[in-house]
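Protein chains in written order, with UniProt numbering: chain R, 1 to 360; chain P, 1 to 360.
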């Protein structure tokens with residue numbers, strides 16, 4: 001049986017093997033009686049030639065002659081129960097760049113939308129209550145779309161298997177989820193589960209009223225790939241404006257527990273392997289506060305003090321990520337490095353050629 | 001004869017007509033004896049219904065019944081000689097985000113390139129003198145590629161016809177030109193003319209030596225769409241390190257004059273129309289300083305004081321643009337608004353989940 005590694009694994013003992021994502025590992029079922037509990041013995045097909053220490057094997061490399069491959073005794077931590085949760089913040093939102101009055105900047109005298117700067121999206125989706133609603137539920141900027149797509153492509157490069165996608169009902173989160181799935185080439189295979197319980201702390205984002213989010217029908221009409229069979233744990237009607245910090249913390253803690261228990265944890269094969277039946281990553285696209293409020297209860301950490309919380313949340317960039325892996329013991333989770341790197345880029349400022357170039 | 005408008009034209013007299021890019025205009029050659037010099041008389045097929053004041057016609061709309069169309073006497077400034085030059089700065093370069101030591105951040109212990117942050121390009125092209133050369137000639141970041149592509153798509157939206165593309169020999173400029181052409185869907189139809197005379201003021205960018213730019217053969221091998229028949233006005237060997245401001249100003253002034261005289265100015269058809277034979281836009285992709293040093297001599301303006309110059313250049317963002325249009329009088333150029341809007345976006349900061357989320 002030949003398996004393909006899903007994640008990198010760094011050896012922690014001399015009888016363990018360095019595994020890169022994409023490595024092909026031969027596992028002989030007859031040999032497994034020698035393996036200690038939770039481990040398997042296998043052989044890596046990866047060449048060990050000094051010249052190509054980082055070579056990654058794919059389907060074709062499988063046909064390399066065995067003389068170029070090295071054979072290594074291999075122990076793999078058997079996490080047949082291992083799951084992972086990737087929590088990410090949405091991409092750049094238009095009001096982050098153009099301020100609260102962004103929509104006014106984009107309306108013609110007769111109320112039509114136009115693109116006042118090339119970072120505004122080329123069009124807005126239809127909303128039953130009119131464009132005005134987008135002031136409380138702003139879309140991604142073009143830069144936000146670029147960021148989301150890039151992260152999706154990077155996850156694909158790392159051969160991360162995403163099996164479930166949950167999103168806050170905020171338009172920017174649904175859009176981010178959609179563009180990440182496009183980058184992953186999983187659109188429309190994996191559908192987005194819109195979970196109102198993932199919305200931002202309402203004290204920050206809904207001080208007077210919960211925004212009129214786009215309905216499932218509207219999202220579908222705008223070509224968003226929504227899972228219509230999904231039943232939310234927290235219906236929209238359960239969200240209240242200006243909730244207390246304690247209420248937000250307990251809502252977040254409840255929703256992450258409900259999400260993880262709704263995604264199957266039993267699987268028949270060893271860890272690291274992208275095979276049907278192996279639980280893939282549960283992707284959750286939500287808000288900057290979600291990176292702490294969803295992962296800390298999962299990892300068994302206490303919630304942050306409400307004052308520290310605001311300060312911490314300000315440091316989280318677009319597409320900032322936290323990654324939790326389930327441990328050998330079921331429902332024990334640990335925060336580890338996300339499967340892809342950070343995304344760091346500069347700002348691009350407004351430019352007035354008349355003042356700058358023509359002026360004397 | 002039905003013509004399609006290439007640019008918007010705002011009427012300046014009551015016998016002139018508002019024209020949007022894409023409008024179809026019927027011009028009867030028999031009527032032109034009534035037109036004053038430099039103008040033509042024509043009829044707009046655009047509907048004037050109050051409900052759709054901004055409707056833009058395309059090929060299909062051509063078939064609208066005449067009852068929905070309005071007929072207007074039309075005067076068009078006849079700029080049969082009119083050309084336009086669009087000077088743009090390259091996109092975000094990797095060292096702008098990651099500093100001068102960017103390449104060291106991306107090398108494994110055995111000297112292989114890897115992507116230390118997702119804004120680094122996924123690979124570097126081959127260079128005969130090795131990767132080290134890219135330290136003096138850095139590539140675009142992924143964000144820079146996004147910016148370039150977006151501007152190309154916006155030019156296409158505005159139906160701007162680009163007929164000639166010139167680029168500085170700096171890799172970031174050639175890459176920007178290529179991605180703008182891809183956005184314009186003109187790749188590989190329009191080929192890039194690499195002109196060393198367009199390189200940055202060497203006092204800033206080449207204080208000790210002129211960088212080892214990629215050769216034409218290397219650029220072609222890396223799939224850049226280079227015009228191999230182009231003979232540079234300023235060969236690479238003519239560039240000297242640490243040139244004086246006066247030398248830079250006179251080089252820039254000479255190169256823009258040579259470029260405009262090398263691109264045909266005579267054309268048989270009226271202005272605004274994207275027809276074969278009508279001169280399209282001459283696109284020049286170069287450096288922030290080029291926005292002033294190329295356009296000011298073209299528009300007959302004196303060069304800036306060298307101290308003001310440095311201050312002005314710092315204000316120019318990625319893909320900052322200046323646009324010069326030739327006037328009725330040949331070789332008289334005026335700076336006007338570029339055909340597309342500015343691009344303004346925010347920065348994305350580095351993020352350390354361990355310190356931010358896990359720390360207490």
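Glycine is no exception: its CB is placed at the ideal position from the N, C-alpha and C atoms.
Residue 108/R is classed as exposed because its beta carbon has fewer than 16 other beta carbons within 10 Å across all chains shown. Distance check between residue 127/R and each of 116/R, 262/R, 95/R, 221/R places 221/R closest, using alpha-carbon atoms only. Annotation for residue 333/R: the continuous beta strand (DSSP E) segment containing it runs 333–336. Residue pairing by DSSP places residue 198/P opposite no residue, since no beta bridge is assigned to it. Residue 164/P: member of the beta strand (DSSP E) spanning 162–167, first to last residue. Only those residues of the segment 330–350 of chain R whose C-beta falls short of 9 Å from the nearest C-beta of chain P are listed: 335, 337, 338, 340, 341, 342, 343, 344, 345, 346, 347, 348, 349, 350. For residue 254/P, none of the residues of chain R pass the 9 Å Cβ criterion, the least Cβ distance being about 19 Å.
The C-beta of residue 117/P comes closer than 8 Å to at least one C-beta of chain R. Nearest CB-CB separation between residue 312/R and chain P: below the 8 Å threshold. For residue 141/P, the nearest CB of chain R lies under 8 Å from its own CB, placing it at the interface with that chain.
Assignment of beta-bridge partners to residue 348/R by DSSP yields 345/P. When the Cα atoms are used, residue 94/P and residue 131/P turn out to be separated by approximately 14 Å. Of all residues in the segment 78–107 of chain P, the ones placed with a Cβ closer than 7 Å to any Cβ belonging to chain R are 92, 96, 97, in chain order. For residue 315/R, the nearest CB of chain P lies under 8 Å from its own CB, placing it at the interface with that chain.
One thing to note: residue 310/P has its Cβ no nearer than 8 Å to the Cβ of residue 198/P.
Nearest C-alpha to residue 317/R among 142/R, 219/R, 301/R, 291/R: 291/R. For residue 131/P, there are no C-beta contacts with chain R under 9 Å, since the nearest C-beta of that chain is about 15 Å from it. In this model, residue 338/P and residue 251/R are separated by some 50 Å (Cα to Cα).
DSSP places residue 323/P in the strand class (E or B) of the three-state scheme.
Per DSSP, the continuous alpha helix (DSSP H) segment holding residue 262/P begins and ends at 245–262.
Pairwise C-beta distances place the segment 140–158 of chain P in contact with the segment 139–147 of chain R, as three or more of them are shorter than 8 Å. Taken through DSSP and simplified to helix, strand or coil, residue 85/P comes out as strand. Taking 8 Å as the CB threshold, residue 309/R stays off the interface with chain P. Beta bridge pairing from DSSP links residue 192/P with 165/P, 226/P. Within the same chain, Cβ atoms closer than 6 Å to the Cβ of residue 284/R are found at 87, 166, the five residues on either side in sequence being excluded. A contact between stretches requires three or more CB pairs, one per stretch, nearer than 8 Å, and the segment 332–347 of chain P meets this requirement with the segment 346–353 of chain R.
Sequence-distant Cβ neighbours of residue 121/P in its own chain, meaning closer than 8 Å and more than five residues away, are 94, 115, 139, 140, 141, 142, 145.
Per DSSP, the unbroken beta strand (DSSP E) holding residue 281/P starts and ends at 281–286.
A residue is called buried when at least 16 other Cβ atoms come within 10 angstroms of its Cβ; residue 313/P meets this threshold and is buried. Contact of residue 294/R with chain P is not assigned, every C-beta pair being separated by 8 Å or more. At a Cβ-Cβ threshold of 8 Å, residue 357/P and residue 322/R count as neighbours. For residue 358/P, the chain R residues whose Cβ falls inside 7 Å of its Cβ are 335, in order along the chain.
Excluding five sequence positions before and after residue 188/R, the CB atoms of its chain that fall closer than 7 Å to its own CB belong to 225, given in chain order.
In this chain, the alpha helix (DSSP H) harbouring residue 146/P covers 142–157.
DSSP, reduced to helix, strand and coil, places residue 24/P within a strand of the structure shown. Using a CB distance below 9 Å, the part of the segment 150–176 of chain P facing chain R consists of 150, 151, 153, 154, 157, ordered along the chain.
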